[in-house]
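Novice:
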Amino acid sequence: MVIITETHRVGEGCIQSIVPRGSKVFTVGGNGNRGGVCVWVSEKYAKTIQLVGTSTVPRGMDSIWLRINGKALGTKGKGLLVGATYAAPEHSTVYNTVPGHKLSASLVSRRITCRIQTLIRRYARPGDEVLLMGDMNARVGQLQETPDTFEEQNR
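Per the numbering used here, the very first residue in the sequence shown carries number 17; after that it's consecutive.
#1: Report yes or no: do three or more beta-carbon pairs, one from the segment 116–124 and one from the segment 51–60, lie closer than 8 Å?
#2: Output the distance between the C-alpha atoms of K63 and R37, rounded to the nearest integer angstrom.
#3: Of all the beta strand (DSSP E) runs that stay within the bounds of the segment 45–101, which reach a length of 3 or more residues?
#4: Confirm, please, whether the CB-CB distance from T23 to G69 is below 7 Å.
#5: Please report the distance separating the alpha-carbon of V35 from that of L89.
#6: Taking all protein chains shown into account, decide if S33 is buried (16 or more other Cβ within 10 angstroms of its Cβ) or exposed.
#7: Mark V98 as exposed unless 16 or more other C-beta atoms lie within 10 angstroms of its C-beta, in which case mark it buried.
#8: Return the chain-ordered list of same chain residues with a C-beta closer than 6 Å to the C-beta of T21, the five sequence neighbours on each side being excluded.
#9: So, for R50: in the same chain, excluding its five sequence neighbours on each side, which residues have a beta-carbon less than 7 Å away from its beta-carbon?
#10: Distance, Cα to Cα, T72 vs P115?
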């Protein structure tokens with residue numbers, strides 16, 4: 017399984033054309049200049065993976081949710097719920113849905129965290145293990161990791 021974030025694409029066409037026949041490709045989000053998630057599963061494991069959902073809420077966060085069959089994992093029936101997620105930087109203007117109203121970074125972080133928790137509760141079955149992967153643009157210091165250059169350049 018390969019997870020790619022910031023695909024900046026809508027649809028599977030460009031990615032599907034480069035993966036081996038028999039593989040599965042799942043995509044969500046992306047609008048040409050930000051976001052998007054793609055999960056590629058090799059042919060060997062494609063039959064053991066089920067798409068259980070996708071989300072593009074809140075604006076600025078894209079996620080794909082897959083379940084790996086517990087029998088295939090040899091875990092006595094316990095499945096593995098995989099969340100592949102992209103969340104824009106917390107200071108990104110993509111979160112500002114009301115013109116002239118900037119959301120605080122802490123509010124953006126809370127919204128992302130709450131949404132991920134909601135999606136886990138929605139898609140996880142009793143006994144499932146959960147694996148969350150992706151690019152959540154986490155902050156570990158005072159400075160933003162990378163500038164939101166596309167939005168800065170196009171103001």
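Beta carbons: idealized from backbone N, C-alpha and C, even for Gly.
Specialist: Looking at the atomic coordinates:
#1: No contact exists between the segment 116–124 and the segment 51–60.
#2: Each residue's alpha carbon lies about 13 Å from the other.
#3: Taking only runs of at least 3 residues, the beta strand (DSSP E) segments lying wholly in the segment 45–101 are 53–57, 65–71, 77–84.
#4: No, the pair does not count as a contact, with Cβ atoms beyond the cut-off.
#5: The alpha-carbon atoms of V35 and L89 are separated by roughly 24 Å.
#6: Around the Cβ of S33, a 10 Å sphere holds fewer than 16 other Cβ atoms; the residue is exposed.
#7: Buried, because 16 or more other Cβ atoms sit within 10 Å of the Cβ of V98.
#8: Around T21: V53, Y102, G150, D151.
#9: Excluding residues within five positions, the ones whose Cβ falls inside 7 Å are H24, A104, V110, F166.
#10: For the pair T72 and P115, the Cα-to-Cα distance works out to about 20 Å.
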